[in-house]
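One structure is given below, encoded as C-alpha cells.
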C-alpha cells in the first residue's frame, strides 16, 4: 500500500571536500572489497537485535561519523577501533521515556545510566517539565553530557505558573495563557506533555480543563504522558480518564509507570490493559510504560489529601497545627496508607536509614498511621522521600508483557546513595531477571520495548534501531551476566554485564567504566517527528518524484525515490536520488528502515555523492507538518557532513503533494 499521494523521499547533494577513502557499500550494507575505507569503529561478530522485535543475527556493525554506516560482513574492512562482540548482544541504545535525570555534574560521566545501557533520557516527567524549552535546551547543549537528554513540557508546571498552588477554576483568559505555554514549548522542541494528575496543584485541574489546555499540542502529534490521578482504589477510573484526555485532546494517551497499588486492587492490571486495547481498536493512540519493580518512590505528602495541600506546603503545615483539621487529615491519611501498601512496614525512608513507617509509629509512640505521617512531614519541612511497596508481581508481569507498554526507569541518572534502586538497576534487572532468568519476555521483544518502541512513542526518527544511516547509539552487553546489583538497603551499586556503549558514535562506556567522551546531545523534537505506532509488520512502500524547495532559500533539487520495506526484512531496498541544478547527484547505496504513519514516512540510509564519498542520511516526508501551509507537504533531510534541509515538496506535475 502506497502512503499518501505524491510523496517523495530523497537525500540532498553533499558539496565540499569528499570523504577520503569512503567505504564502498553494496545493497546489503557490507563492504564490497578490501579497498573499503576505515570505519571509526567496527563491532565484530555480535548478535545484533534491530530494535523492531526481530530475532538476533550474528553480524558486524560499522560506525562512521556518528552513524551506523554498514551492517554485514566487514571482515575485510579496517577501523580505528575494533570490538570483539562474539557471544555478546548488540542493540540500539536504551531510551528511557520516564527519567528523573540529574542534569548537574553527574551528567558528564552518567555512570549510573551507561552501566545500564541507557543512551537517552527524557527530562521533566510527572508534569514537572520546564516552561522555557529553548532556554533549557541551550543550557543542556553547553553542558558536558555522556548521554542524550530530551525534555518534556510539564502540565503541572504550566498549571502552577498560571494558577499557583490553589484549588481554583481557570478563567478563559487563564486557559488561553496555558494553551499558549504548551504551544510555545512544543514549537521550541519539547518531546511531549508530561503530567502528574496524582500530584497537586496539577491534580486540581478537572478532566475537561486538562483537555482544553493540552489540546494545544495536538498539531504537533505528540503524547500526554501522565502519572494518573489515582493508582490505588480508583486506578481503573483513572485509566479511563487518561484515555479520555487523549481522545479529547488528540494526543496519545500514555499511562506512565503503570502500577496497581494496594492488595485489595491487585489484579486490575488486566482491566487497565483491556481499556487501552479498546481505545486502540477504536483508532486512538494509547499505551504506557512500566518499571520492573513492585515498589514505588515519591514524596510522603502524596498521602495527604488535595484539600489539605491547597495553597502549598506552608498552608498544609498550618492545617496540621489546627487540631480539628489534623484529626481529619490523620483519618484520611491512615485510610489511604492502608489502601496503598497494606501495612505501615511497607513504607520506608531512604534518608532515615531505611526506617519504616512502622518503626516511626513505635518511636513516636502514636496510635495511628496518619499521625506518624504528619509528624514525619512536620520534622522534614513538609516533604521527605518514601519508598512504598505497593504492587504485585502478577500485575507487574502483565504490564511487562503488553506489546504497547515500553519500559522506563522512573529513576534516571543519579549519584545519590539514598534513593530507589531503579536509578541504578532498571534495565539490567529487566534483561537479567525477567528475560534471561524468568522468561517473562524473550530477548527480541524486551529489546524492542527499550529501543524502537519508546523511540516511536516519542517521535524520534533517527534513533531506536540498528539500521544503516541511523545515529550510532549502540549498547553491547553480555546476556549471560547482565544483572542489577542495586538494593533498597544499598541502592548505589552499579549494574553489571554492559560491556560497551556508544553515544552518537563515540565510545562512552568501556568495560563498565565511562570513558569521559561527552558525546551526548540535547535533543530537540522537530515538527516532522510525530508520535506514532511502531509499525514493524507489513509491506511498506514509498515512490514518487518531484522537487523540494528549502523554506529559507530559493534552492530547489530534483528528487526521486522508489523504496520498499518487506515484512520482517531488516532493511528497506530501492533507490533514493537527488539531482542539483548543476547536474551533480547523490544516490543511495544501502537503506536502513522505512518508518511509516498516515501521511508520513522516514527512511535512513547511506548515499554516495559524485566524488565517491558515502554519507549517512535520514529523510522525512510529512503531509501534516504543523509548520506547513494547508495542503503543503514538508520534507526534512539530514545528511552527514551537511546542514539539515527543510523544504516544501512539489510534485513533478507542478501540484503540491497532498
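Numbering (my numbering), first residue to last: 172 to 829. For each residue, glycine too, the CB sits at the ideal point set by N, CA and C. In this text the structure is predicted, and so the values were computed from the model without any measurement.
- The Cβ neighbour count for residue 384, taken over all protein chains shown within 10 Å, is at least 16; the residue is labelled buried.
- Going by beta carbons, residue 818 and residue 752 fall outside the 7 Å limit.
- Selection 261, 250, 636 evaluated against residue 228 yields 261 as nearest (Cα-Cα).
- Residue 337 is classed as exposed because its beta carbon has fewer than 16 other beta carbons within 10 Å across all chains shown.
- For residue 425, the enclosing beta strand (DSSP E) starts and ends at 423–426.
- The C-alpha of residue 626 lies about 7 Å from the C-alpha of residue 632.
- With a contact defined as Cβ atoms closer than 8 Å, residue 393 and residue 269 miss out at about 15 Å.
- Contact between residue 443 and residue 406 holds: their C-beta atoms lie close to 7 Å from each other, under 8 Å.
- Between residue 469 and residue 538 the beta-carbon gap is near 26 Å, outside 8 Å, which marks them as no contact.
- CA-CA distance, residue 307 to residue 821, rounds to 36 Å.
- Leaving aside the five residues that flank residue 447 on each side, the residues in its chain whose CB is nearer than 6 Å to its CB run, in chain order, 457.
- Selection 576, 505, 536 evaluated against residue 544 yields 505 as nearest (Cα-Cα).
- Judged by DSSP in its simplified three-state form, residue 546 adopts helix.
- Annotated as proximal: residue 745 and residue 734, with beta-carbon spacing under 7 Å.
- Counting the other Cβ atoms within 10 Å of the Cβ of residue 226 gives fewer than 16, which makes it exposed.
- In this structure residue 235 is buried. Its beta-carbon is surrounded by 16 or more other beta-carbon atoms within 10 angstroms.
- The residues 349, 372, 373, 376, in chain order, have a CB closer than 7 Å to that of residue 330 in the same chain once the five nearest residues on each side in sequence are set aside.
- In this structure, 714 is the residue among 661, 244, 714, 344 with its C-alpha nearest to the C-alpha of residue 730.
- Contact check for residue 594 against residue 588 fails: the beta carbons are separated by 7 Å or more.
- Excluding residues up to 5 positions away in sequence, 541 lie with their Cβ nearer than 7 Å to the Cβ of residue 502 in the same chain.
- Bounds of the beta strand (DSSP E) holding residue 260 are 260–263.
- Cβ neighbours of residue 497 within its own chain (closer than 6 Å, five residues either side excluded): 491.
- Residue ranges of uninterrupted beta strand (DSSP E) with 3 or more members, entirely inside the segment 672–737 and ordered along the chain, are 677–681, 711–721, 727–736.
- Cβ-Cβ separation between residue 748 and residue 774: approximately 13 Å, too far for a contact (criterion under 8 Å).
- For residue 390, the secondary structure class from DSSP, reduced to helix, strand or coil, is helix.
- The alpha-carbon of residue 804 is positioned some 20 Å away from that of residue 357.
- Here residue 473 carries a helix assignment [DSSP, helix/strand/coil].
- Shown here, residue 758 sits in a strand according to DSSP, grouped into three states.
- Under the DSSP assignment, residue 242 falls in the beta strand (DSSP E) whose first and last residues are 238–243.
- Residue range 228–235 is occupied by the beta strand (DSSP E) that includes residue 234, with no alpha helix (DSSP H) assigned at that position.
- For residue 507, the CB contacts under 6 Å within the same chain, skipping 5 residues up- and downstream, are 474 in chain order.
- Around the CB of residue 599, 16 or more other CB atoms lie within 10 Å, so the residue is classed as buried.
- Taking each of 326, 403, 287 in turn and checking the Cα distance to residue 380, the smallest one comes out for 326.
- Here residue 233 has 210, 213, 240, 241, 245 as same chain residues with Cβ atoms under 6 Å from its own Cβ, once five neighbours each way along the sequence are excluded.
- For residue 319, the three-state secondary structure derived from DSSP is strand.
- In the three-state reduction of the DSSP assignment, residue 563 falls in the coil class, being assigned neither a helical nor a strand state.
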